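Chemist: One structure, pasted below without further comment.
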Amino acid sequence: MRRPLPEVKSIRDFYAFEQHVAKCRRHRGLGMVPEWYQVPVFYFSNPASIVAHEADVWAPRASQALDYELELACVIGRTARDLPADDQALEVVAGFTIMNDWSARDLQGVEMAVGLGPSKA
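Counting in our numbering, the sequence shown runs from 179 upward without gaps.
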């Protein structure tokens, strides 16, 4: 089976669902910060990690805590920059789909403890 999109150049995974963000921060003993409401918060993910529907998902041998989150994916169909957050931004959207965002939570915790994650987990 083929990948859902033949060539993905970049993935930005946004931290946008307020209740989820607040819950994650609470578990770490933190409250919401005003900056979260002021800028789009995201991290870059690896486009080479995209696999087709029903394909096997590789799990790192060192991980005992593989987890996934169901997410809405927005596919951007053309180059754009600094668009306002209104209907003009929708003009560059090629479509929407769903995806599973897999994470090795135990490895992710180690990365984030040193201030460099999540990057590999």
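Quick reminder that beta carbons are idealized off the backbone N, C-alpha and C, glycines included.
Given the structure is predicted, the values throughout are model-derived calculations rather than measurements.
Rounded to whole angstroms, what's the CA-CA distance from Gly-207 to Arg-283? Just pull it up for me.
Modeler: 18 Å
Chemist: Please give the ranges of any beta strand (DSSP E) in the region 245-298, keeping only runs that are unbroken, at least 3 residues long and fully inside the region.
Modeler: 271-282
Chemist: Assuming the contact rule is C-beta atoms closer than 8 Å, Ser-227 and Asp-191 should be a hit. Round their C-beta distance to whole Å, please.
Modeler: Actually they do not touch by this definition, with Cβ atoms about 11 Å apart.
Chemist: Under 8 Å, with one C-beta from each stretch per pair, do the region 230-245 and the region 272-287 reach the 3-pair mark?
Modeler: yes
Chemist: Could you check what DSSP says for Arg-206 in three-state terms: helix, strand or coil?
Modeler: coil
Chemist: With distance defined between alpha-carbon atoms, name the residue in Asp-264, Ala-240, Ala-263, Glu-269 nearest to Thr-257.
Modeler: Glu-269
Chemist: Among Met-277, Met-290, Leu-183, whose alpha-carbon lies nearest the alpha-carbon of Val-235?
Modeler: Met-277
Chemist: How long is the line joining the alpha carbons of Ala-263 and Val-186, rounded to whole angstroms?
Modeler: Using only the alpha carbons, I get a separation of about 23 Å.
Chemist: Suppose you measure from the CA of Arg-203 to the CA of Gly-209; what does that come to, to the nearest Å?
Modeler: 6 Å
Chemist: Where Val-217 and Val-288 are concerned, what is the direct C-alpha to C-alpha distance, given to the nearest angstrom?
Modeler: 26 Å
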